[in-house]
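Below is one structure, written out as structure tokens; the observations come after it.
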Amino acid sequence: MILLAAAAVLWAAGWLVLWRVPVLPRADGTGTGGVSVIIPARNEEDNLPALLASLRAQTPGPLEVLVVDDESTDRTAAVARQDGAAVRASDPLPAGWRGKAWACHQGARAARGRLLLFLDADTRLEAGALARLVAARGADGAVVSVGPYHDVPCLYEQLSAFFNTVMTAGAGACTVLGGRLRPAGLFGQTLLVDRDAYARAGGHAAVRGEILENFCLARRFREQGIPMRCYGGAGSIRMRMYGAGPRALTEGWAKAFHSGAARTPPGLMLPLCAWLSGCVLAPLGVAAAALGAWEGTWTTLAWLALYALIAIRLCAFWKRIGSFRLVTALAYPVPLAFFVALVLRSALRQMRRRPVSWKGRTIDRTAERGAAS
């Protein structure tokens with residue numbers, strides 16, 4: 018019973034940082050004409066049409082939509098022009114820069130708007146989302162970041178469940194303190210920032226060598242006293258990250274978690290680790306009960322009850338951040354095992370100083386700190 022109590026306490030501790038996912042406020046009539054949308058795009062011909070169509074449907078719409086073609090080898094540029102976006106061909110990637118940061122930097126320099134909205138190519142906006150983003154800045158002109166609602170229609174995409182959970186919690190967006198706690202990070206898929214605030218923080222040039230530039234930008238904004246707000250994307254912004262297959266999913270999450278843990282503050286990481294530990298112990302306790310390791314029916318029932326409680330709570334939380342299925346929550350040890358295996362593999366790669374690859378580029382984690390300034 019002591020192990021059972023420990024598992025329950027560890028699991029419960031995690032909900033201090035996984036309490037509630039805030040959503041964008043309703044629009045207050047604020048205009049959006051001064052917004053320049055900047056889309057860094059590398060081999061995104063399949064994703065761009067949906068995003069650009071969603072931007073055309075916004076009322077009111079943005080001042081301009083600028084796609085920065087990051088040395089794509091497909092029809093990214095042609096598709097963007099066909100759908101009405103302005104296209105800027107990226108200059109060659111300089112030493113010490115990451116591809117996305119370089120594309121965003123060039124887009125910001127070319128943009129004409131007072132507000133800069135950086136969007137990943139695999140996102141799309143629902144009706145009224147642009148106005149809601151602008152309204153969320155509030156009277157203090159805060160930086161606004163949104164973790165998009167993750168569409169995961171295929172079975173293998175359901176394996177993203179724990180990655181999405183940790184990504185959401187890692188930004189400090191859904192703690193029990195709510196808006197009273199400043200975000201620890203920003204979501205990389207959607208970022209709205211005033212041009213002056215962007216310049217004061219040094220923009221993407223200040224985080225040019227970082228894999229998770231969103232976390233490092235958050236630190237720069239904090240240092241400059243610039244307020245930030247993070248939201249979940251339910252009802253406003255959606256994404257489908259890894260529709261290209263299981264390999265893309267594995268490579269994509271490996272890239273993100275290659276340096277993500279090091280960027281998460283201890284105050285968020287410790288409850289998350291406790292929560293994950295509780296999630297691991299519950300199915301182990303159920304398995305031990307099935308093997309007759311526990312004496313007494315009540316102990317077995319208690320382990321089953323804890324497992325059921327975890328599954329129900331996961332189902333409720335996952336519904337707020339993506340189209341995750343009930344069966345994924347009921348069989349949560351499967352996506353949890355995938356999460357643990359990929360994180361351990363990533364840690365092993367770091368120990369061996371092995372790079373990861375993403376969209377044809379090699380990402381060397383050992384060079385990250387030296388490349389940034």
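Residue 352 in this note's numbering is what sits at position 335 of the sequence shown, and the numbering runs on without skipping anything. Beta carbons are placed, not taken as given, at the ideal position from N, Cα and C, and that holds for glycine. If you're wondering where the values come from, they're calculated on a predicted model, not measured in any experiment.
At which residues does the alpha helix (DSSP H) containing residue 324 begin and terminate? 314-338 is the extent of the alpha helix (DSSP H) around residue 324.
Any idea which residues DSSP pairs residue 141 with across the strands? In the DSSP output, where bridge partners are listed per residue, residue 141 has 255.
How would you call residue 329, buried or exposed, if buried means at least 16 neighbouring beta carbons within 10 angstroms? Residue 329 should be labelled exposed.
Cβ-Cβ separation, residue 75 to residue 137 (assumed contact under 8 Å), whole Å: About 17 Å separates the two Cβ atoms, so there is no contact after all.
Any idea what DSSP makes of residue 196, helix, strand or coil? For residue 196, the secondary structure class from DSSP, reduced to helix, strand or coil, is helix.
Quick check: the Cα distance between residue 189 and residue 358, rounded to an integer number of angstroms? Those two C-alpha atoms are separated by around 24 Å.
Drop a sphere of 10 angstroms on the beta-carbon of residue 93, count the other beta-carbons inside from all chains shown, and report buried for 16 or more, exposed for fewer. Residue 93 should be labelled buried.
Of the listed residues 307, 300, 312 and 247, nearest to residue 347 (C-alpha basis): Ranking 307, 300, 312 and 247 by CA distance to the CA of residue 347 puts 300 first.
Straight-line gap, residue 164 to residue 19 (C-alpha atoms, nearest Å): Whole-angstrom Cα-Cα distance: 38 Å.
Please report the distance separating the alpha-carbon of residue 67 from that of residue 113. One alpha carbon belongs to residue 67, the other to residue 113, and they sit about 32 Å apart.
Give the secondary structure of residue 179 by DSSP, where H, G and I count as helix, E and B as strand, and everything else as coil. Taken through DSSP and simplified to helix, strand or coil, residue 179 comes out as helix.
Helix, strand or coil: how does DSSP classify residue 19 here? It is helical.
Measure the C-alpha to C-alpha separation of residue 228 and residue 308 and round it to an integer number of angstroms. Roughly 45 Å between the two C-alpha positions.
Below 8 Å, can you find three or more Cβ-Cβ pairs linking the segment 92-111 to the segment 215-222? No, they do not touch.
Who are residue 134's beta bridge partners in DSSP? Answer is 54 and 209.
If you pair each beta-carbon of the segment 151-161 with each one of the segment 307-324, do three or more pairs fall below 8 Å? Because the criterion of three Cβ pairs below 8 Å is not met, the segment 151-161 and the segment 307-324 do not touch.
Counting Cβ pairs closer than 8 Å, one from the segment 324-341 and one from the segment 169-184, do we hit at least three? Judged by pairs of C-beta atoms under 8 Å, the segment 324-341 touches the segment 169-184, as three or more such pairs exist.
Going by C-alpha distance, which of 100, 40, 109 and 306 is nearest residue 161? Of 100, 40, 109 and 306, the residue nearest in Cα terms is 40.
Give the C-beta separation of residue 212 and residue 131 to the nearest angstrom, bearing in mind that I take them to be a contact with Cβ-Cβ under 8 Å. Yes, they are in contact, since the Cβ atoms of residue 212 and residue 131 sit about 6 Å apart, within 8 Å.
Kindly indicate the opening and closing residues of the alpha helix (DSSP H) around residue 116. Annotation for residue 116: the continuous alpha helix (DSSP H) segment containing it runs 116-127.
DSSP on residue 105, reduced to helix/strand/coil? The answer is strand: DSSP assigns residue 105 an E or B state.
Comparing alpha-carbon positions, which option in 84, 28, 29 and 24 lies nearest residue 53? It is 84 whose Cα lies nearest to the Cα of residue 53.
Would you mind working out which of 64, 50 and 29 sits nearest residue 256, comparing C-alpha positions? Nearest of 64, 50 and 29 to residue 256, Cα basis: 64.
Can you tell which of 286, 264, 262 and 184 has its C-alpha closest to the C-alpha of residue 231? It is 184.
Spatial neighbours of residue 208 in its chain, beta-carbon cut-off 6 Å, leaving aside the 5 residues before and after: Only 135 and 162 meet the Cβ criterion.
Taking the C-alpha atoms as reference points, what is the distance between residue 311 and residue 287? Rounded to whole angstroms, residue 311 to residue 287 spans 29 Å at the Cα level.
Nonlocal neighbours in the same chain, by C-beta distance under 6 Å from residue 56, ignoring five residues either side: Cβ within range, chain order: 84, 136 and 138.
Would residue 186 pass as a contact of residue 289 if the rule is Cβ separation under 9 Å? Judged by their CB atoms, residue 186 and residue 289 are nearer to each other than the 9 Å cut-off.
Can you find a heavy atom of the ligand PLP that lies under 8 Å from the Cβ of residue 28? For the structure depicted, the ligand PLP is absent and the ligand set is empty, with no information on it obtainable.
Chain-order list of residues whose beta-carbon lies under 8 Å from that of residue 386 (same chain, five-residue window excluded): A caution first: residue 386 carries a pLDDT of 43, below 50, which makes its placement in the model unreliable, though a value can still be read off. For residue 386, where only same-chain residues beyond five positions count, the Cβ hits under 8 Å are 226.
From the DSSP output, in three-state form, read off residue 230 for me. When DSSP states are grouped into helix, strand and coil, residue 230 belongs to the helix group.
Can you tell me where the alpha helix (DSSP H) holding residue 89 begins and where it ends? That residue, residue 89, is in no alpha helix (DSSP H); it is neither H nor E in DSSP.
Opening and closing residue of the beta strand (DSSP E) in which residue 113 lies: First-last for residue 113: undefined, no H or E at that position.
Under 9 Å between the Cβ atoms of residue 254 and residue 166? Yes, the Cβ-Cβ distance between residue 254 and residue 166 is below 9 Å.
Over what stretch of residues does the alpha helix (DSSP H) that includes residue 59 continue unbroken? Where residue 59 is concerned, there is no enclosing alpha helix (DSSP H), because DSSP gives it neither an H nor an E.
So the alpha helix (DSSP H) residue 246 belongs to, where does it begin and stop? Per DSSP, residue 246 is not a residue of any alpha helix (DSSP H); the beta strand (DSSP E) it occupies stretches across 245-249.
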